[in-house]
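Take a look at the structure below.
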Amino acid sequence: MPVVAVVNRKGGSGKSTLATHLAAHCAHSGIPVMLGDVDKQQSTQAWLRLRATQAITTPAPIVGWTVDPRSVLRAPTGVTHVILDTPGGLRGFDLARVVMFADVILMPVCNSVFDRESAADCYAELLTLPRVASGRCRVAAVGMRLDARTKADEVLKEWADKQKLPFIGVLRETQGYVRCVEQGLTLFDMPPAKVEADLLQWKPILSWLSPVLRPAPAAVKAKPAAAPTPAPNGSRADSLKPAQASLLVYGQRDAHKRPSAPAALAPVAARPSMFDRVGSLLESWGVSRFLQR
Ligand SMILES: Nc1ncnc2c1ncn2[C@@H]1O[C@H](COP(=O)(O)OP(=O)(O)OP(=O)(O)O)[C@@H](O)[C@H]1O
Ligand SMILES: [Mg+2]
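Under numbering that gives the first Met the number 0, the residues of the sequence shown are numbered 0 to 292, in order.
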């Protein structure tokens with residue numbers, strides 16, 4: 000099950016905004032998605048409650064879920080993708096644990112020297128983790144809250160190039176994001192003509208993510224006519240029963256289910272090092288135990 004985590008140590012960098020938008024994009028694309036909160040603030044769950052008050056129709060639901068690190072993580076039946084929001088200051092064991100789950104890490108980065116420094120530190124730590132170092136978990140930066148009148152996008156792109164960190168797009172600073180998120184909405188819920196310029200900015204980001212954020216073939220077969228259903232709140236979550244044993248992470252047994260990754264997200268062709276193999280072993284052997292610290 001593809002998992003996209005939004006990570007940046009810097010508070011207020013736009014993680015929850017990015018996570019809620021990705022979840023809404025999935026819902027509009029017919030992908031039943033779970034929006035999980037590693038964040039104690041539970042920002043995205045609050046957003047889902049607000050969303051419940053809106054009359055929005057999407058072809059697939061957004062299911063709310065709070066990550067409980069003490070239990071084995073299970074996705075509700077029907078959910079095919081997971082978006083994880085994370086708190087500021089994530090590092091060490093907590094960061095490593097998120098990476099154990101994630102196929103992709105998106106890092107929203109604002110354009111200030113403090114934000115860039117913090118993101119560089121976070122990326123350096125990510126690179127020490129076997130799943131990231133081997134390319135099994137891909138990391139990319141998104142320029143966030145950029146002033147469209149400045150050259151902030153160029154500065155950030157240059158910075159990302161120096162870090163050898165894929166830089167997949169920028170989102171401008173606009174009150175549209177603030178207003179939408181405050182109501183449990185996203186720009187993807189707006190009439191496209193009203194947010195045309197912003198949707199254009201999302202294109203390269205979604206295109207890079209498309210190998211991961213595409214409807215799962217099995218889900219399409221199982222529910223071919225997933226009729227547009229009001230998704231008042233992710234409240235369709237109520238009808239989604241807990242799965243028997245669907246760990247969010249691919250174990251060795253699930254390896255064949257992993258979607259093939261096209262070029263943009265294809266793992267780097269590298270012979271797994273001993274370090275990688277130990278990492279894989281840990282994953283397949285002790286995911287649940289590892290989580291029940
Ligand atoms: N592109 C944007 N334009 C304008 N405002 C934005 C944009 N993206 C995010 N914001 C605003 O910036 C603030 C911080 O965003 P957000 O809550 O998503 O950050 P965060 O990284 O999740 O913060 P925290 O670390 O506290 O969880 C919010 O008020 C949000 O509405
Ligand atoms: Mg947040």
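Each residue gets a CB set at the ideal place from its N, CA and C atoms; glycine is no exception.
- In terms of CA proximity to Leu164, Tyr122 leads the group Ala151, Tyr122, Val194.
- Per DSSP, the continuous beta strand (DSSP E) segment holding Arg137 begins and ends at 137–145.
- For Val169, the uninterrupted beta strand (DSSP E) run begins and ends at 166–171, by DSSP.
- Within the same chain, Arg8, Lys9 come within 6 angstroms of Ser117 by CB-CB distance, once the 5 residues on both sides are set aside.
- Exposure of Ala192 is indicated by the presence of fewer than 16 other C-beta atoms within 10 angstroms of its C-beta.
- Note on Gln200: 16 or more other CB atoms within 10 angstroms of its CB, so buried under the neighbour-count rule.
- Asp120 sits exposed, since fewer than 16 C-beta atoms from the chains shown fall within 10 Å of its C-beta.
- In this structure, the alpha-carbon of Met33 lies about 36 angstroms from that of Thr149.
- For Pro107, the closest alpha carbon among the candidates Ala139, Val131, Trp158 is that of Ala139.
- For Thr57, the three-state secondary structure derived from DSSP is strand.
- Within the same chain, Arg8, Cys121, Glu124 come within 8 angstroms of Arg90 by CB-CB distance, once the 5 residues on both sides are set aside.
- Rounded to whole angstroms, the Cβ separation of Leu170 and Val194 is 11 angstroms, and the two are not in contact under 8 angstroms.
- In terms of CA proximity to Pro1, Phe100 leads the group Phe100, Thr127, Gly183.
- Burial check for Gly35: the Cβ neighbour count within 10 Å reaches 16 or more, so the residue is buried.
- Sorting Ala196, Val5, Ile61, Val98 by C-alpha distance to the C-alpha of His80 places Ile61 at the top.
- Val177 has its Cβ nearer than 7 angstroms to a heavy atom of ligand 1.
- In the DSSP annotation of this structure, the continuous segment of the alpha helix (DSSP H) that includes Ala196 starts and ends at 195–208.
- The DSSP assignment places 91–100, 112–126 as complete runs of the alpha helix (DSSP H) inside the region 81–127, in order along the chain (cut-off: 4 residues).
- When DSSP states are grouped into helix, strand and coil, Ala45 belongs to the helix group.
- Bridge partners of Gly63 according to DSSP: Leu34.
- Pairing Pro58 with Gly29, the inter-Cα distance amounts to about 5 angstroms.
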